[in-house]
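Have a look at the structure below before the remarks.
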Amino acid sequence: MTPPDFCDDPDLRGPGELGPERRVRERIESAGRITFAEFMEEALYGRGGYYTRPGRIDPEGDYFTSPSLHPAFGALVAVQLRDFWGLLGRPGVFDAVEFGPGDGTLARDVVRYAQQFDETFAAALRYTEFDRTRSDSGAPPTGVTGCVLSNELLDAFPVHRFVIEGGSVLELYVVAGDGGLTEAPGPVSDPAIEQRVAPLIATLPDGYRGEVNLGLRSWADRVAETLERGFVLTIDYGETARELYRPGRSEGSLRAYYRHTLSQNPFQHVGDQDLTAHVDFSAVDSELSRAGFEALGMTTQTAFLDRLGLRSFLGNLPGLGLPAGEVERNRVPMLWLARPDGLGRFNVAFHTRGVDARPPIGLDSRGSGHDPSALPTPLLARDEGRFDLAGRAYPDGGWSTGTWSEILGDDEANTP
Ligand SMILES: C[S@@+](CC[C@H](N)C(=O)[O-])C[C@H]1O[C@@H](n2cnc3c(N)ncnc32)[C@H](O)[C@@H]1O
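Sequential numbering of the sequence shown, starting at 6, is according to the numbering used here.
Rendered as structure tokens:
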């Protein structure tokens, strides 16, 4: 937790405390070098690290996520959970366990919307959150029936970095250079790093750099301990291994975000900037399969939300009797959830175990399991502290314009 006399000097987080950068330097001084994953662990989750401090997802914060934009996201996740509950035979208790919920916005939206649209499901729904940086998080439950879900969790796991040299994989360690922290190659610290990239090495040029997320192993084990029977719903940005480790992306996918500004330099603003890397969804499949789950498929967030009813929500907006400004205030973030140049490009992966029934995943199964037009339309509350996309003067400015069909193409008559 943030010390009461927290101060903004990155090297002095509280009385007698070293900030993340100072601690990184001390560790390098004694060990000579540390892995990038150790650096990232310290920068994000060490004392005074990025995620240990409040206010990361707000209008002045560094980024926004789907739940922070509009309650439509949580509403449609609730619809998906209700479909899972149906496939499981409508048990009297359906556990939804969210890993990495951050401030809990998704949980609140899901529970609230479930109460609005299906009281029997809402009575069965038991929603638990587990975030490593929240002091109110106990251990996740074990052996449940229901769903383990996450949004933008896996991209926040510490990653190891590697470089291809002479056709071999070398690890990129963090060392102290004259001008500050920098990287130096060496033999890999864990053979799993090489194993992840091995099938693709022949396609990658010398000098190619990338990341490997070994935290997926213990995450998959934790999911298996938690979920006895049901579904795993994983929403994040990333690609299959073949797309992620492709010759054209020779500098990797690691990014730093500081006050909505993107940078590729992880060694500045240590502890004050977010660090994130694209998720290798092939590794998600293989780790969950090792832990006993079957991969059902993956779709985009655009198709996921469209199938569940986002277009119905958008279509309903003009008929709700709202002032024009309120329609826009809701329409813009709802659309952004699905825009292919925004959050719509995220992937939604489905895994299961212990269930014979299969959920619809692709857009071709739109509407199966429920009638989207019968769903109530979730709206932003007045003065709600969400990310104000419609009101915000973003450099691109263009994201407040356009309809679904202009942005996404259309195959239906009722285009909002
Ligand atoms: C990018 S934030 C996403 C927050 C939220 N899901 C959202 O969509 O707004 C990632 C969150 O995952 C949490 N986290 C990271 N590693 C975790 C782990 N191993 N177990 C549980 N939570 C974790 C972080 O503390 C942080 O709150």
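Virtual Cβ for every residue (Gly too), placed ideally from N, Cα, C. No experiment lies behind these values; they were computed from the predicted model shown.
Give a single yes or no on whether residue i has its beta carbon closer than 7 Å to a heavy atom of ligand 1.
i, result
"Asp100", "no"
"Asn156", "yes"
"Thr138", "yes"
"Pro59", "no"
"Tyr118", "no"
"Gly276", "no"
"Ala229", "no"
"Thr110", "yes"
"Phe272", "no"
"Pro106", "yes"
"Ser258", "no"
"Phe135", "yes"
"Thr70", "yes"
"Ser73", "yes"
"Phe122", "no"
"Ala161", "yes"
"Tyr263", "no"
"Tyr250", "no"
"Tyr56", "yes"
Using DSSP's beta-bridge definition, name the partner residues of residue i.
i, result
"Met303", "Ala354"
"Tyr56", "None; Tyr56 has no bridge partner."
"Pro190", "Leu177"
"Tyr262", "Leu267, Asp279"
"Glu134", "Glu103"
"Asp241", "Asn352"
"Leu232", "Val149"
"Arg113", "Looking at the DSSP assignment, Arg113 forms no beta bridge with any residue, so it has no partner."
"Glu170", "Ser173"
"Gly185", "Gly182"
"Val29", "DSSP output for Val29 lists no bridge partner at all."
"Glu154", "A small correction: the amino acid at residue 154 is Leu; Glu does not occupy that position in the sequence shown. In the DSSP output, where bridge partners are listed per residue, Leu154 has Glu103, Leu238."
Residues in the same chain with beta-carbon distance under 6 Å from residue i, minus the five sequence neighbours each way, listed in chain order, please.
i, result
"Tyr213", "Ile169, Ser255"
"Ile412", "Arg344"
"Gln121", "Pro381"
"Leu426", "Because the chain in this structure spans residues 6 to 421, residue 426 falls outside the shown range and cannot be described."
Am I right that residue i and residue j are in contact with their C-beta atoms under 8 Å? What's the rounded C-beta distance?
i, j, result
"Leu259", "Ala282", "5 Å"
"Phe78", "Asp114", "7 Å"
"Pro364", "Asp123", "Their Cβ separation, rounded to whole angstroms, is 17 Å, which puts Pro364 and Asp123 out of contact at 8 Å."
"Glu176", "Ile198", "6 Å"
"Leu293", "Val217", "Actually they do not touch by this definition, with Cβ atoms about 17 Å apart."
"Glu134", "Ser142", "7 Å"
"Pro338", "Leu74", "4 Å"
Just to confirm my understanding: we take residue i, look at its own chain, exclude 5 residues before and 5 after, and list those with CB closer than 7 Å. What are they?
i, result
"Phe286", "Gly243, Glu244, Thr245, Met303, Asn352, Ala354"
"Gly314", "Leu81, Val84, Pro377, Leu380"
"Val98", "Ala129, Arg131"
"Glu46", "Pro163"
"Arg387", "none"
"Gly414", "none"
"Val275", "Pro15, Pro25, Glu26, Val29, Ala48"
Apart from the five residues just before and just after residue i, which ones in its own chain have a Cβ nearer than 8 Å to its Cβ?
i, result
"Gly402", "Confidence is the limiting factor: at Gly402 the pLDDT is only 45, short of 50, which leaves the residue's position unreliable, though a coordinate-based value still follows. Nothing listed; no residue qualifies."
"Gln306", "Ser71, Ile240, Leu342, Ala343, Leu348, Gly349, Arg350, Phe351, Asn352, Val353"
"Thr125", "Arg95"
"Arg227", "Phe104, Pro145"
"Ala119", "Ala83, Leu86, Arg87, Phe126, Ala127, Leu130"
"Pro190", "Val168, Glu170, Leu175, Glu176, Leu177, Tyr178"
Any beta-carbon of chain B closer than 8 Å to the one on residue i?
i, result
"Ser142", "Looking for chain B here will not work: only one protein chain is present."
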